[in-house]
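Quick notes on the structure that follows.
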């Protein structure tokens, strides 16, 4: 791994894309509509625009959290002012995902949950017939189950056959205990009728592996990478039958900190991944869950408690690890289907403090939840900056090649 570069200069939060001092790089901070902004997802829209969705509000888990959308028109030098696309005053609406359907319609999916209880989540959708400029009514794609909540984070995949793959993870409810993620596991929802009906394919032995991100290689192999609730490694599994079966996830050489990752398969079959190069091994403290305690005003009252969970354990049950640093934000490149990652360069560096999600008081310093897509030799990356704004970075091969050696 190359030495950490000097952190980039913070640009104004006005959506304007500016040239960086680093060759082959341009940056923007999207205009933040609320005090907290998190969990961006990018997509190339039918007219060639870039779309970016994320959630914003007072704080994750509070009912004023909703989905926001900004676009960058082809050739434009700035991102548009964000517009709000969801508004349920009773639920926290999180993890939006954009998908360009084979019909050309644009889907927006997101999760909807009660407070910090991810085991109450369901997946909702709106559809646009004009490339994301106007949106139809909200409908439910996946409901909460008897087992718990259903969550999304990563893009849908359309296979050459027209089959749709929607990666999900189950937030499993444990009677008498608050959800903390110890039993979460991954599945793939499969549709062979353009999304009219779905069937579930569970990923075997995937407890603790979430945020399943699927990409298709040139030979038809499907590769999936996962976030680890154990904050140890990025995990990897494959399918050679268009998603009907999956190998059990196994750890890769890359660390993971129980935070999101995302990759894109490039035209030459390389995989470009954005992630935090850190893990529980880098943590000096931990927290009991993703969420701070919420006070009577619906805001966090300081950092979450720094101690091990005191919930009863079921024998050898593994426990989710929360609080590993969410930094640096790193780009890695693989040329062997995600088995090894010899090329790595940091996009942003910092201490990654994330023992609180409190954006009101500026307590959080994470670079996290990246999204990546590619157009004509350019990588487009968006991620959370300190839970206060969404940072956008445009990178070329020149930037990758000119990194410290």
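Numbering (our numbering), first residue to last: 402 to 806.
Heads up, the beta-carbon is just placed ideally off N, CA and C, and yes, glycines get one too.
When the options are compared against residue i, the one with the closest alpha-carbon
| i | options | result |
| --- | --- | --- |
| residue 489 | 683, 775, 526 | 526 |
| residue 509 | 790, 555, 636 | 555 |
| residue 778 | 787, 797, 786 | 797 |
| residue 723 | 749, 583, 791 | 583 |
| residue 656 | 685, 669, 626 | 626 |
| residue 587 | 650, 445, 415 | 650 |
| residue 427 | 729, 419, 513 | 419 |
| residue 802 | 746, 579, 421 | 746 |
| residue 445 | 474, 594, 417 | 474 |
| residue 518 | 480, 494, 438 | 494 |
| residue 461 | 480, 436, 471, 768 | 436 |
| residue 789 | 507, 781, 764, 618 | 764 |
| residue 665 | 421, 775, 552 | 775 |
| residue 503 | 569, 553, 592 | 592 |
| residue 447 | 412, 531, 466 | 531 |
| residue 544 | 679, 752, 524 | 524 |
| residue 725 | 733, 692, 749, 684 | 684 |
| residue 670 | 662, 743, 679, 739 | 739 |
| residue 581 | 689, 653, 412 | 689 |
| residue 567 | 608, 614, 471, 528 | 614 |
| residue 552 | 560, 570, 536 | 570 |
DSSP beta-bridge partners of residue i
| i | result |
| --- | --- |
| residue 451 | 445, 473 |
| residue 790 | 786 |
| residue 638 | 625 |
| residue 780 | 775, 796 |
| residue 479 | 417 |
| residue 536 | None; residue 536 has no bridge partner. |
| residue 672 | 666, 735 |
| residue 549 | 573 |
| residue 632 | Residue 632 pairs with nothing; no bridge assigned. |
| residue 458 | 437 |
DSSP three-state assignment for residue i, whether helix, strand or coil
| i | result |
| --- | --- |
| residue 749 | strand |
| residue 681 | helix |
| residue 528 | strand |
| residue 802 | helix |
| residue 420 | strand |
| residue 464 | coil |
| residue 413 | coil |
| residue 542 | strand |
| residue 522 | strand |
| residue 756 | coil |
| residue 617 | strand |
| residue 811 | A question about residue 811 goes unanswered here, because the residues of the chain that appear run from 402 up to 806. |
| residue 488 | coil |
| residue 693 | coil |
| residue 722 | coil |
| residue 436 | coil |
| residue 644 | coil |
| residue 504 | coil |
| residue 761 | coil |
| residue 688 | strand |
| residue 659 | coil |
Span of the alpha helix (DSSP H) around residue i
| i | result |
| --- | --- |
| residue 736 | No alpha helix (DSSP H) holds residue 736; DSSP gives it neither H nor E. |
Boundaries (first-last residue) of the beta strand (DSSP E) holding residue i
| i | result |
| --- | --- |
| residue 843 | Because the chain is modelled from 402 through 806, residue 843 falls outside the range shown and cannot be assessed. |
| residue 775 | 768 to 776 |
| residue 496 | 493 to 501 |
| residue 664 | 663 to 666 |
| residue 656 | 651 to 656 |
| residue 429 | 426 to 430 |
Contact test: residue i Cβ vs the ligand MN heavy atom, cutoff 7 Å
| i | result |
| --- | --- |
| residue 530 | Ligands are entirely absent from the displayed structure, and the ligand MN is therefore not among its contents. |
Would you list, in sequence order, the uninterrupted beta strand (DSSP E) runs of no fewer than 3 residues that lie entirely inside the stretch 558 to 609?
Taking 3 residues as the minimum length, the beta strand (DSSP E) runs contained wholly in the stretch 558 to 609 are 565 to 573, 586 to 592, 600 to 603, in order along the chain.
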